[in-house]
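This report refers to the structure that appears directly beneath it.
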Amino acid sequence: MSEMKFVAELDIGATVPMLLHCPMCKERHIDEGEFATKLHHTHACQGCGHVWRPAVVPTHGVRFLPGFKNAAA
Ligand SMILES: [Zn+2]
Ligand SMILES: [Zn+2]
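Numbered per this note's numbering, the sequence shown spans residues 1 to 73.
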């Protein structure tokens, strides 16, 4: 039942929302549409094309961190 285990791991949200900025040109990197839910370790800057890996875990770039406004208030 390895397939079911794989699905279960995806269900717990294995990709981490992060505020990502390109280390080369500092452009904000936001994963939208299919990239927001598709697991990926490396991100390609839409501005300069630089590819980097911000963390060892799968991540996706977001405009705002969930709960960030609440934490700052
Ligand atoms: Zn990305
Ligand atoms: Zn860039």
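Where a beta carbon is used, it is the ideal one built from N, C-alpha and C, also for glycine.
Excluding the five sequence neighbours on either side, which residues of its own chain have a C-beta within less than 7 Å of the C-beta of residue 53, listed in chain order?
Around residue 53: 41, 42.
Go to residue 59, then tell me how far its beta strand (DSSP E) extends in each direction, as first and last residue.
Element bounds for residue 59: 59–61.
Per DSSP, what kind of secondary structure is residue 11 in: helix, strand or coil?
Per-residue confidence for residue 11 stands at a pLDDT of 47, beneath the threshold of 50, marking its modelled position as unreliable; no derived number is given.
Alpha carbon to alpha carbon, how far is residue 14 from residue 25? Give it in angstroms, no decimals.
Whole-angstrom Cα-Cα distance: 28 Å.
Could you name the residues whose beta carbon sits closer than 6 Å to any heavy atom belonging to ligand 2, keeping them in chain order?
This criterion selects 22, 24, 25, 27, 45, 47, 48, 50.
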